[in-house]
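Undergrad: Starting off with a structure, shown below.
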Amino acid sequence: MSKSATFKPQQPSRAAAVSWQLAQTLWVGGLWLLQFVILPAIGQTGLAPLLVQEIAERLVPLLVGLAAVCVALQAFALLRSEGLPSLLRDMRGQLLLTVAVMALSYFVTLHYWPEAQYWLRFSYLVMAFCGLLLVLQPVPGAPLRR
Numbered sequence: 025m026s027k028s029a030t031f032k033p034q035q036p037s038r039a040a041a042v043s044w045q046l047a048q049t050l051w052v053g054g055l056w057l058l059q060f061v062i063l064p065a066i067g068q069t070g071l072a073p074l075l076v077q078e079i080a081e082r083l084v085p086l087l088v089g090l091a092a093v094c095v096a097l098q099a100f101a102l103l104r105s106e107g108l109p110s111l112l113r114d115m116r117g118q119l120l121l122t123v124a125v126m127a128l129s130y131f132v133t134l135h136y137w138p139e140a141q142y143w144l145r146f147s148y149l150v151m152a153f154c155g156l157l158l159v160l161q162p163v164p165g166a167p168l169r170r
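Residue 25 is where the sequence shown starts when you use the working numbering, and the numbers rise one by one after that.
Right under this line is the structure:
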């Protein structure tokens with residue numbers, strides 16, 4: 025354990041990689057599934073549009089909260105495997121920070137300015153697309169595939 029500039033933090037365990045992938049599957053898959061599969065399917069069943077909107081207004085904040093918790097878990101796994109500089113320099117860290125900021129802005133907007141539906145939708149979609157980009161990144165600490 026040297027304190028030199030080339031010191032690499034300890035390698036993550038297999039459990040850290042699995043927790044990274046599980047958290048990522050939950051929040052990214054959940055965001056995409058709700059927005060592009062479940063809500064359109066509920067709308068196609070013939071329910072009243074106000075009822076579909078009410079369902080969305082109840083489920084979306086829960087899913088954004090789940091995304092925030094899972095992003096915190098992923099950020100912890102990234103910090104543990106790659107160290108603190110990876111949070112700002114690594115693409116995975118930048119995407120995680122973007123999602124965290126968007127989740128925070130979603131809840132602040134929902135609390136203080138609930139009529140701003142465009143901003144709520146924008147922050148939700150930014151989280152979904154950042155999650156899609158994060159899926160394309162390697163798992164922290166995993167050996168690179170050739």
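Where a beta carbon is used, it is the ideal one built from N, C-alpha and C, also for glycine. As the structure is a prediction and not an experimental result, all values here were calculated from the model.
(1) Threshold first: 4 residues or longer. Then list the alpha helix (DSSP H) segments lying entirely within the stretch 120–165, N to C.
(2) Should Gly57 go down as buried or exposed, given a rule of 16 or more other Cβ atoms within 10 Å for buried?
(3) Can you list, in chain order, the residues of its chain with a C-beta nearer than 8 Å to that of Gln141? Leave out the 5 residues immediately preceding and following it.
(4) DSSP on Gly70, reduced to helix/strand/coil?
(5) Assuming contact is defined by CB atoms lying nearer than 7 Å, are Met115 and Gln68 in contact in what I supplied?
(6) Quick one, which of Val163, Leu46 and Thr49 has its alpha-carbon nearest Ser110's?
TA: According to the data block:
(1) Here the runs fully enclosed are 141–159.
(2) The sequence given here has Leu at residue 57, not Gly. By the C-beta density criterion, Leu57 is exposed, having fewer than 16 other C-beta atoms within 10 angstroms.
(3) In its own chain, leaving out the 5 sequence neighbours on each side, no residue places its CB closer than 8 Å to the CB of Gln141.
(4) Look at Gly70 here: in three-state DSSP terms it is coil, with no helix or strand label.
(5) It is not a contact, given that the beta carbons lie outside the stated cut-off.
(6) Taking only the C-alpha atoms, the option nearest Ser110 is Val163.
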